[in-house]
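Undergrad:
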Amino acid sequence: MKRTAVKGDLVMGGAPDLGLGGAALQRCIESLHLIRALAPEVTLVFSAFLLLCSLGCSRLPDVVVAKFPNQLPKPTAYGAALVESSGGKQTAEVGTPLAQPVVVQVNDEQGNAVTGALVVIRGPNGTYLDPAASLTDSSGQFTTNVSLGTIAGRYQLVASTTTKAGKTVELKVEEIGLGYQEMVGSQLNDQYCARCHNQESTPQRVSNYDNLEVRPHPFTEGETLNKMSDADLTAIIAHGGPALNKSSLMPPYGYTLSKSDIQALIAYIRMVSDPPNGAPGIVYAKK
Ligand code: HEC
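So the number in my numbering is just where the residue sits in the sequence shown, counting from 1, plus 936.
(1) On the DSSP bridge assignment, give the partners of residue 1091 in chain order.
(2) Under 8 Å between the Cβ atoms of residue 1052 and residue 1072?
(3) Between the region 1181-1193 and the region 1089-1108, are three or more C-beta pairs nearer than 8 Å?
(4) With hydrogens ignored, establish whether the beta-carbon of residue 1161 is closer than 7 Å to any heavy atom of the ligand HEC.
(5) Just mark residue 1041 as buried or exposed, buried being the case when its beta carbon has 16 or more other beta carbons within 10 Å.
(6) Determine the extent of the beta strand (DSSP E) in which residue 883 is found, giving its start and end residues.
(7) Of the choices 1085, 1036, 1056 and 1121, whose alpha-carbon is the least far from that of residue 1007?
(8) Return yes when the C-beta of residue 1114 is under 7 Å from any heavy atom of the ligand HEC, and no when it is not.
(9) Under 8 Å, do residue 1015 and residue 1061 count as touching if we go by C-beta distance?
(10) How should residue 1214 be labelled, buried or exposed, when 16 other C-beta atoms within 10 angstroms of its C-beta is the threshold for buried?
(11) Look up residue 1056 in the DSSP assignment and give the residues it is bridged to.
(12) By the three-class DSSP mapping on this structure, what secondary structure does residue 1077 have?
(13) If you measure from the CB of residue 1182, is any heavy atom of the ligand HEC nearer than 7 Å?
(14) Given this structure, state the Cα-to-Cα distance separating residue 1054 from residue 1137, to the nearest angstrom.
(15) Between residue 1102 and the rest of its own chain, which residues show a CB-CB distance below 7 Å, the 5 nearest in sequence each way excluded?
(16) Alpha carbon to alpha carbon, how far is residue 1203 from residue 1165?
(17) Starting from residue 1020 and walking both ways along the alpha helix (DSSP H), at which residues does that stretch end?
(18) Give the list of continuous alpha helix (DSSP H) stretches no shorter than 4 residues that lie fully inside the region 1156-1184.
(19) Would you say residue 1144 touches the ligand HEC, meaning its beta carbon is less than 7 Å from a heavy atom?
(20) Below 8 Å CB to CB, which residues in the same chain sit around residue 1049 once its five sequence neighbours on both sides are set aside?
(21) So, is residue 1082 buried or exposed, given that buried needs 16 or more other C-beta atoms within 10 angstroms?
(22) For residue 1212 and residue 1162, I'd like the C-alpha separation in whole angstroms.
(23) Within this structure, are the beta carbons of residue 1118 and residue 1026 separated by less than 8 Å?
(24) Verify whether the separation of the beta carbon atoms of residue 1179 and residue 1171 is less than 8 Å.
(25) Hey, residue 1019 and residue 1114: beta-carbon distance below 8 Å or not?
(26) With H, G and I counted as helix, E and B as strand and the rest as coil, what does DSSP make of residue 1149?
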């Protein structure tokens, strides 16, 4: 038995015959016509909207790419100072994660670790911090995994916490992102130079440093290396120590390495020097 829905009926189950004929159908057709008539304007407005969106996107956002908890956790305690525990001054290829996490600690006025203090960390555009904020753990520490952006340079990360009085305390941690040329230099350093210029031995390489009568400098020693011009560096690397009236324990590499190899080594030496060399392309965190 067929029954037509009438006003006031609660329609349950199967598709009811609502009797779409007459006025309702007419209105439906009319609105379709209206949309068709409006279409050019609608399209125009829509494309303008898309254009604005893409413009908005191409302007790099000032915010750091970071993994924030949905809501900043509420601190249960406040500290007076922030100190670096580990993870600063690492070098990594741009766009890749640092080998070690960055760990900072919140202390109170007496220097005791504070649990439950909020630490927020930020860095230059493109830096990925996971997490970018959280409460300090039971040993007063905040640990975050860091991936550097795509530009070669020094990356300044700024960690901050708030004191009970509402004052912001900041700590700067610096990391180094190596671009293609510096990566080539870094590999050449591992292959040819580090055994004499790096005091530390690794399982793959025993340091020769302590056996040398004249001690070479680690390439991070900006105090010495920043005083040498690119021409000086090229001369000593290509022709050995005597080229600069230095010890012949520094061998010549002019036959082993190409010009671009030597340039790559210099780019690497400039990038890792501490204090910084003032080389171009230094990236610092936005305030
Ligand atoms: C066999 C050991 C040895 C190796 C390998 C070596 N060096 Fe040296 N290098 C020295 C010594 C020793 C000096 C210090 C000379 C002096 O002060 O009289 C030196 C000095 C230098 C200096 C001048 C700054 C400084 O440290 O005093 C530069 C730059 C340098 N070396 C670059 C390189 C590069 C680049 C490589 C790899 C391509 C390399 N060295 C490989 C032993 C070495």
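Every residue gets a Cβ at the ideal spot worked out from N, C-alpha and C, and that includes glycine.
TA: Looking at the coordinates:
(1) 1111.
(2) A contact, by the Cβ cut-off of 8 Å.
(3) Contact between the region 1181-1193 and the region 1089-1108 is absent: fewer than three C-beta pairs spanning the two stretches fall below 8 Å.
(4) Indeed, a heavy atom of the ligand HEC lies less than 7 Å from the Cβ.
(5) Flag for residue 1041 reads buried.
(6) This structure gives no information on residue 883, because the portion of the chain shown stretches from 937 to 1223.
(7) Of the candidates 1085, 1036, 1056 and 1121, the residue whose Cα lies closest to the Cα of residue 1007 is 1056.
(8) No, Cβ of residue 1114 sits at least 7 Å from all heavy atoms of the ligand HEC.
(9) In this structure, residue 1015 lies away from residue 1061, with their beta-carbon atoms at least 8 Å apart.
(10) Looking at its Cβ environment, which holds fewer than 16 other Cβ atoms inside 10 Å, residue 1214 is exposed.
(11) For residue 1056, which the question treats as bridged, DSSP gives the partners 1069 and 1096.
(12) Residue 1077 falls in the strand class under three-state DSSP.
(13) For the ligand HEC, at least one heavy atom lies less than 7 Å from the Cβ of residue 1182.
(14) Near 39 Å, if we compare the C-alpha coordinates of residue 1137 and residue 1054.
(15) Cβ neighbours of residue 1102 beyond the five flanking positions: none.
(16) For the pair residue 1203 and residue 1165, the Cα-to-Cα distance works out to about 12 Å.
(17) Element bounds for residue 1020: not the alpha helix (DSSP H) but the beta strand (DSSP E), 1017-1022.
(18) List check, alpha helix (DSSP H) in window: 1158-1161 and 1166-1175.
(19) Residue 1144: yes, Cβ under 7 Å from the ligand HEC.
(20) The beta carbon of residue 1049 is closer than 8 Å to those of 1041, 1042, 1043, 1072, 1075, 1076 and 1077 in its chain, skipping five residues each way along the sequence.
(21) With 16 or more other CB atoms across the displayed protein chains lying within 10 angstroms of its CB, residue 1082 is buried.
(22) The alpha-carbon atoms of residue 1212 and residue 1162 are separated by roughly 8 Å.
(23) No, the Cβ-Cβ distance between residue 1118 and residue 1026 is not below 8 Å.
(24) Less than 8 Å divides the Cβ of residue 1179 from the Cβ of residue 1171.
(25) Against a cut-off of 8 Å, the Cβ pair of residue 1114 and residue 1019 comes out as no contact.
(26) Of the three classes helix, strand and coil, the one that applies to residue 1149 here is coil, per DSSP.
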